[in-house]
Amino acid sequence: MFNFLLQKKLSKFEKLVNKTKKFEPILNNYSYKQLKEQTTILQKKYNKDQNLNELLPETFATIKEAIKRATGLKLFDVQILGSIILHYGKIAEMKTGEGKTLVAIVTSYLNAFSKKGVHIITVNDYLAKRDYELAYKIFNYLNITVGLVKPSQIYSERKKQYLCDITYITNSELGFDYLRDNMAVDLDMIVQRKFNFAIIDEVDSILIDEARTPLIISGPSDSITDKYIKSTEITQKLEKYIDYDIDEKIKSVTLTEQGVLHCEKLLKINNLYNINNSWIQYLLNALKARELFLKDQHYIIKNNEIIIVDEFTGRIMEGRRWSDGLHQAIESKEKIKIQQDNKTLASITYQNLFLLYSKLSGITGTAKTEETELDKIYKLEVIEVPTNKPCKRKDLSDLVYKTEYNKWQAIANECFDMYQIGRPTLIGTTNVQKSELLANILNELQIPYNLLNAKPENIARESEIITQAGRKFAITISTNMAGRGTDIILGGNAETMSKIVLINYIQIKLGFRTKNQLNKIEENITLILKNLKIEEIKNIIEENNLETIIEERIANKNINEIIYNTYKQILEEYKLIFNQEKKEILDLGGLYVIGTERHESRRIDNQLRGRSGRQGDQGSSQFFLSLEDNLLRIFGGDKISILMQQLHLDENTPIESIMLSKSLNSAQKKVESYFFDVRKQLFDYDEVINNQRQAIYTERKRILESNFTRDCIIEYGESTIDEILFLYDKEINISNRYNLIAQIYKLLNLTEKFNTKQIIQMKDRQIKLFLYEQLRITYDLRESYLEQLRPGLVRQLEKYYLLQQIDKGWQEHLEKMSLLRESIGWRSYGQQDPLVEYKNEAFNLFINMVTYIRQTVIYLTMRSRLIINMKE
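Counting in UniProt numbering, the sequence shown runs from 1 upward without gaps.
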């Protein structure tokens with residue numbers, strides 16, 4: 001039950017839910033055409049007074065009716081409640097299986113009336129595509145355009161998707177598009193509009209977990225790969241705790257004094273830290289690669305490449321690379337071709353990216369544990385939405401074993417027992433290695449299982465594995481379940497299963513696949529499939545679009561269509577089988593979730609638990625732990641170990657105690673607190689560069705959108721004159737004053753032989769006006785010369801020089817800021833606040849960069865010439 005304060009907070013929203021219900025009987029009787037016209041009617045009402053809140057009840061009732069007609073689903077009151085929370089720019093915490101996808105669709109419809117664009121942001125391409133397809137089906141009834149941004153799309157196609165009323169996109173695609181837009185050299189290459197409203201699915205995963213590392217667009221640099229190989233060889237000769245120390249809490253490695261001397265001796269150099277030939281970063285990365293980044297845990301090897309595994313979702317992150325040479329160090333360790341190092345061309349943190357939105361909201365199953373951070377950084381309030389049916393899941397006490405071996409033995413025995421009685425079991429592991437360890441143990445016990453981890457062969461079967469995870473006798477081993485986006489339905493998911501069986505069968509019959517990967521197909525369904533005449537559908541199917549065609553034909557519901565008819569028969573059969581299985585499974589206690597290790601974050605544990613007990617189903621969860629687990633070993637202290645020794649417990653006997661639970665929760669809170677500090681520090685430091693980024697990007701956009709860049713060049717020239725005259729005013733030495741005037745001559749390319757002595761004798765204002773005049777005269781002559789050679793050329797040159805020098809200056813500035821960020825921590829030893837010092841230094845660097853850009857642009861523009869090749 002929810003506390004009184006929460007009920008009070010929800011009561012105002014509940015009134016809106018009741019208002020929505022009043023429109024339902026009217027809309028129920030609308031024809032397809034009338035329902036479609038509702039969007040035009042509501043749009044006109046919005047255009048009249050620009051008030052979305054007034055339109056909320058009627059709009060939500062309209063989309064509720066469209067959802068019912070498109071999917072056959074009737075929204076629960078709690079789903080409408082969740083949509084209202086999203087509309088008011090807050091985070092709705094809704095448990096797994098409560099229909100979060102539809103909640104986001106409802107809110108997006110209301111906010112689409114502004115015509116400024118609504119972004120629904122998901123954690124991966126699979127979810128974005130799945131949710132887009134559902135939304136497309138629903139909005140077909142309402143005359144609203146829906147777009148999907150995919151990784152492979154070209155500029156023109158992306159632009160089209162962003163111009164839709166509602167756009168589905170992943171967080172990384174959104175960020176990279178934003179950075180690419182701000183590196184564009186032509187207006188046509190800009191794909192995004194101004195950020196208006198975003199609904200973030202799995203909001204905690206994106207705003208908390210992903211926020212540890214910034215988004216970076218890189219370009220090749222001129223680094224040498226030999227140093228990576230040499231560093232890997234040297235680190236193999238170093239001894240842990242003698243030559244170097246490891247801090248597992250903060251994932252860092254430091255060389256001891258002895259280690260530094262040892263490395264210098266092996267490299268035959270005098271100084272590891274020599275600025276002209278630095279080795280320290282290469283060696284530390286090689287040690288990190290060896291000690292802290294492990295194969296099948298932090299990365300996998302696919303097609304002879306190192307692919308990062310997301311530690312929160314267990315998914316592989318194609319195209320992502322660790323920065324600052326770490327990825328190359330891992331490539332060197334694994335003896336894989338070392339790819340060229342990169343330099344940063346543009347970067348932004350997720351915090352600052354999402355703060356660009358006028359309105360932001362999010363939805364997730366687990367955000368309450370992080371509500372302080374979400375409020376402090378994003379000003380987002382977390383509101384818990386009650387479940388549609390009371391949660392009956394039992395979360396059992398943790399069992400802690402002395403050794404990891406005993407723990408895995410106990411888990412395997414538990415799986416064996418569950419398999420014997422037929423109770424479906426989901427085992428959550430923290431990485432690929434652990435999932436395969438358990439798989440091998442179950443192989444020995446001859447227990448059939450499905451394995452879902454980051455390995456490509458398992459990812460390909462993801463929807464199939466999760467579809468069957470709720471079936472009787474199903475044992476499913478999975479790496480972290482966050483962001484999987486698919487419910488585990490007790491008895492099995494009839495719709496998904498029917499599609500998979502049909503697609504598999506057609507693939508095998510047409511020779512696209514040689515092996516049926518489904519564990520078991522019922523006899524009745526086999527008979528239905530045999531009646532499907534492959535010859536009749538052969539001409540409409542190709543290997544590359546088979547799934548799409550089948551999806552379309554099922555969606556069209558044409559009863560005379562052979563594919564739809566077969567699907568319908570299989571579906572009816574599976575519904576009977578799965579409903580019967582569900583009753584039997586509920587009698588056994590529902591889905592049993594086993595956690596094999598406590599995660600650093602309580603949210604990830606709650607996400608795993610949340611897979612059981614959906615929509616009021618029975619279920620239970622239990623964590624099996626050992627004293628050798630990372631969390632207990634690094635953060636748990638020695639209390640538990642001492643307790644076990646004092647009790648003289650058998651190694652096969654686990655312990656359950658209140659003190660143990662408190663110790664574990666305390667350890668997790670410590671880790672969460674530490675990572676919050678990491679993110680907060682990243683945010684504070686990036687806030688400095690963010691203000692500079694906005695200034696540069698605004699200037700860049702102004703130039704891109706300008707049709708007459710001459711004014712910008714003149715403005716840059718005048719600012720350059722002002723900057724040098726500021727130094728001139730302060731200068732007492734006559735010789736230095738001569739030099740400063742000569743510097744202006746050189747920058748402005750003034751070829752007239754002016755009398756510098758006479759200029760120095762003029763008053764400051766006269767000098768300024770004189771130089772302004774000379775700037776204009778010289779530029780007019782340059783412009784006239786270029787226009788004669790080729791009309792319109794001068795405007796193109798201006799834009800080219802401006803954008804080129806801004807980009808070059810900004811990239812060099814990012815490099816300097818990165819070095820500053822790394823070294824500024826040392827200032828704390830001098831009793832100085834590193835952040836204050838960083839702000840001061842960053843400001844000076846920014847001013848220097850702006851001055852450099854202006855002066856370089858003026859210097860190049862004043863000297864621009866056109867060389868024409870004369871061919872005989």
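Glycine residues also receive a C-beta, built at the ideal position from the N, C-alpha and C atoms. Quick caveat, the model's predicted, so the values are computed rather than measured.
Quiz item: Counting pairs of beta carbons, one from the segment 324-344 and one from the segment 153-172, are three or more of them closer than 8 Å?
Solution: Result no; under three Cβ-Cβ pairs closer than 8 Å.
Exercise. Using three-state DSSP, classify Thr-479 as helix, strand or coil.
Key: By one-based count along the sequence shown, residue 479 stands at place 479. In the structure shown, Thr-479 sits in a strand (DSSP, three-state: E or B).
Practice problem: Determine the DSSP secondary structure at Thr-344, reduced to helix, strand or coil. | Solution: Counting from one through the sequence shown, the residue named residue 344 turns up at place 344. Three-state result, Thr-344: strand.
Quiz item: What's the C-alpha gap between Ile-777 and Ser-784?
Solution: For the purposes of this step, residue 777 is taken as residue 777 along the sequence shown, with counting starting at 1. For the purposes of this step, residue 784 is taken as residue 784 along the sequence shown, with counting starting at 1. Rounded to whole angstroms, the gap between the alpha carbons of Ile-777 and Ser-784 is 11 Å.
Practice problem: Determine the burial state of Thr-40: buried for a count of at least 16 other Cβ atoms within 10 Å of its Cβ, exposed for fewer. | Solution: Looking up residue 40 in the sequence shown gives position 40. Exposed is the call here.
Quiz prompt | Tyr-592 - partner residues in DSSP beta bridges | solution = Taking the first residue of the sequence shown as position 1, residue 592 is located at position 592. BP columns for Tyr-592 point to Thr-425 and Ser-620.
Quiz prompt | Beta-carbon proximity check, His-119 vs Ala-61, cutoff 7 Å | solution = In the sequence shown, the residue the question calls residue 119 occupies position 119. In the sequence shown, the residue the question calls residue 61 occupies position 61. Not a contact, by the Cβ cut-off of 7 Å.
Quiz item: What residues in its chain sit with their C-beta under 7 Å from that of Glu-547, if we drop five residues either side in the sequence?
Solution: Within the sequence shown, residue 547 is the residue found at index 547, counting from 1. In its chain, beyond the 5 residues on either side, Ile-503 have a beta carbon closer than 7 Å to the beta carbon of Glu-547.
Quiz prompt | Option in Ile-441, Leu-360 and Ile-234 with minimal Cα separation from Leu-287 | solution = Here residue 287 corresponds to residue number 287 of the sequence shown, with the count starting at 1. Nearest C-alpha to Leu-287: Ile-234.
Exercise. Give a yes or no on contact between the segment 413-425 and the segment 378-387, applying the rule of three or more CB pairs nearer than 8 Å.
Key: Contact between the segment 413-425 and the segment 378-387 is not established, with fewer than three Cβ pairs separated by less than 8 Å.
Exercise. Grab me the residues of Ser-839's own chain with a C-beta within less than 8 Å of its C-beta, minus the 5 sequence neighbours each way, in chain order.
Key: The sequence position of residue 839 within the sequence shown is 839, counting from 1. A small correction: the amino acid at residue 839 is Lys; Ser does not occupy that position in the sequence shown. Here the set comprises Val-688.
Practice problem: Can you have a look at Tyr-273 and say buried or exposed, based on whether 16 or more other CB atoms are within 10 angstroms of its CB? | Solution: Translated into positions along the sequence shown, residue 273 becomes position 273. Burial call: exposed.
Quiz item: Taking the alpha-carbon positions, what's the Ile-714 to Lys-333 distance?
Solution: Taking the first residue of the sequence shown as 1, we reach residue 714 at position 714. Taking the first residue of the sequence shown as 1, we reach residue 333 at position 333. Each residue's CA atom was taken as its position, placing Ile-714 and Lys-333 some 54 Å apart.
Self-check item: Of the residues Ser-818, Leu-750 and Leu-396, the one placed nearest Ile-858, counting alpha carbons only
Solution: As a position in the sequence shown, residue 858 is number 858, starting the count at 1. When each option's Cα is compared against that of Ile-858, the closest is Leu-750.
Self-check item: Beta-carbon spacing of Leu-52, Leu-102 below 7 Å
Solution: Translated into positions along the sequence shown, residue 52 becomes position 52. Translated into positions along the sequence shown, residue 102 becomes position 102. Taking the C-beta atoms as reference points, Leu-102 is found no nearer than 7 Å to Leu-52.
Quiz item: How many Å lie between Ile-853 and Leu-35 at the Cα?
Solution: Counting from 1 along the sequence shown, the entry for residue 853 is found at position 853. Counting from 1 along the sequence shown, the entry for residue 35 is found at position 35. Those two C-alpha atoms are separated by around 57 Å.
Practice problem: Could you pull the start and end residues of the beta strand (DSSP E) that residue 913 belongs to? | Solution: This structure cannot speak to residue 913, because the chain is shown only from 1 to 872.
Exercise. Provide the residue(s) that pair with Ala-198 in DSSP beta bridges, ordered along the chain.
Key: Your numbering for residue 198 matches position 198 in the sequence shown. In the DSSP assignment, the residues bridged to Ala-198 are His-119 and Leu-360.
Quiz item: Should Gly-511 be labelled buried (16 or more other beta-carbon atoms within 10 Å of its own) or exposed?
Solution: Your numbering for residue 511 matches position 511 in the sequence shown. Residue burial annotation: Gly-511 is exposed, with fewer than 16 other C-beta atoms found within 10 angstroms of its C-beta.
Exercise. With DSSP as the reference, label Asp-398 as helix, strand or coil.
Key: As a working note, residue 398 is residue 398 in the sequence shown. Correct three-state label for Asp-398: coil.
Exercise. Could you round the C-beta distance between Thr-861 and Glu-723 to whole angstroms and report it? I think they count as a contact, below 8 Å.
Key: Sequence index remark: in the sequence shown, residue 861 carries index 861 (1-based). Sequence index remark: in the sequence shown, residue 723 carries index 723 (1-based). 17 Å between Cβ atoms; not a contact.
Quiz item: Which of the three DSSP states, helix, strand or coil, is assigned to Arg-471?
Solution: By one-based count along the sequence shown, residue 471 stands at place 471. Correct three-state label for Arg-471: coil.
Quiz item: Does the beta-carbon of Asp-605 have 16 or more other beta-carbons within 10 angstroms, so that it is buried, or is it exposed?
Solution: Along the sequence shown, one-based indexing puts residue 605 at 605. Buried: at least 16 other Cβ atoms inside 10 Å.
Quiz prompt | Inter-stretch contact (C-beta, 8 Å, three-pair minimum) for the segment 207-214 and the segment 347-359 | solution = Three or more beta-carbon pairs separated by less than 8 Å link the segment 207-214 to the segment 347-359, which places the two stretches in contact.
Exercise. Confirm, please, whether the CB-CB distance from Thr-596 to Thr-476 is below 7 Å.
Key: Counting from 1 along the sequence shown, the entry for residue 476 is found at position 476. Counting from 1 along the sequence shown, the entry for residue 596 is found at position 596. Going by C-beta atoms, Thr-476 is not nearer than 7 Å to Thr-596.
Quiz item: Considering only residues of the same chain and omitting the five flanking positions on each side of Gly-483, which have a CB-CB separation below 6 Å?
Solution: Against the sequence shown, residue 483 aligns to sequence position 483. Its pLDDT being 43, under 50, Gly-483 is placed unreliably by the model, and the measurement read from it follows with that caveat. Cβ contact annotation for Gly-483 (same chain, cutoff 6 Å, sequence separation greater than five): Val-123, Glu-202, Ser-205 and Thr-313, in chain order.
Quiz item: If you run the structure through DSSP and keep just helix, strand and coil, what is Asn-431?
Solution: One-based indexing of the sequence shown puts residue 431 at position 431. Three-state DSSP puts Asn-431 in coil, outside helix and strand.
Practice problem: Just tell me which of Lys-533, Thr-256, Lys-359 and Leu-294 has its CA closest to the CA of Tyr-241. | Solution: Position 241 of the sequence shown, counting from 1, holds the residue named residue 241. In terms of Cα proximity to Tyr-241, the closest of Lys-533, Thr-256, Lys-359 and Leu-294 is Thr-256.
Exercise. Identify whether Arg-863 lies in helix, strand or coil by the three-state DSSP scheme.
Key: Walking along the sequence shown from the start, residue 863 turns up at place 863. Look at Arg-863 here: in three-state DSSP terms it is coil, with no helix or strand label.
Quiz item: Which residues in the same chain as Arg-700 place their Cβ atom closer than 6 Å to its Cβ, once the five residues preceding and following it in sequence are excluded?
Solution: Counting from one through the sequence shown, the residue named residue 700 turns up at place 700. The residues are Ile-806.
Practice problem: For the alpha helix (DSSP H) containing Glu-384, list its first residue and its last residue. | Solution: Here residue 384 corresponds to residue number 384 of the sequence shown, with the count starting at 1. No alpha helix (DSSP H) contains Glu-384, which is instead part of the beta strand (DSSP E) from 382-384.
Quiz item: Can you round the beta-carbon distance between Leu-283 and Cys-263 to whole angstroms, since I take them to be within the 8 Å contact cut?
Solution: In the sequence shown, residue 283 corresponds to position 283, counting from 1. In the sequence shown, residue 263 corresponds to position 263, counting from 1. Between Leu-283 and Cys-263 a beta carbon distance of about 6 Å is seen, short of the 8 Å cut, so the two are scored as contacting.
Quiz item: Considering only C-alpha positions, which residue in the set Glu-798, Gln-50 and Pro-448 is nearest to Phe-473?
Solution: What you label residue 473 is simply residue 473 of the sequence shown in a count that begins at 1. Distances from the CA of Phe-473 to each of Glu-798, Gln-50 and Pro-448 were compared; the closest alpha carbon is that of Pro-448.
Quiz item: Nearest CA to the CA of Arg-702: which residue from Glu-628, Ser-612, Asp-764 and Lys-799?
Solution: In the sequence shown, counting from the first residue as 1, residue 702 sits at position 702. Ranked by how close their Cα comes to the Cα of Arg-702, the residues Glu-628, Ser-612, Asp-764 and Lys-799 have Lys-799 in first place.
Practice problem: Look up Leu-355 in the DSSP assignment and give the residues it is bridged to. | Solution: Here residue 355 corresponds to residue number 355 of the sequence shown, with the count starting at 1. Under DSSP, Leu-355 forms no beta bridge with any residue.
Practice problem: Please work out which residues of its chain come closer than 8 Å, Cβ to Cβ, to Leu-803, disregarding the five sequence neighbours upstream and downstream, and give them in chain order. | Solution: Taking the sequence shown and counting its residues from 1, the one referred to as residue 803 is at position 803. Result list for Leu-803: Val-185, Arg-700, Ile-703 and Leu-704, in chain order.
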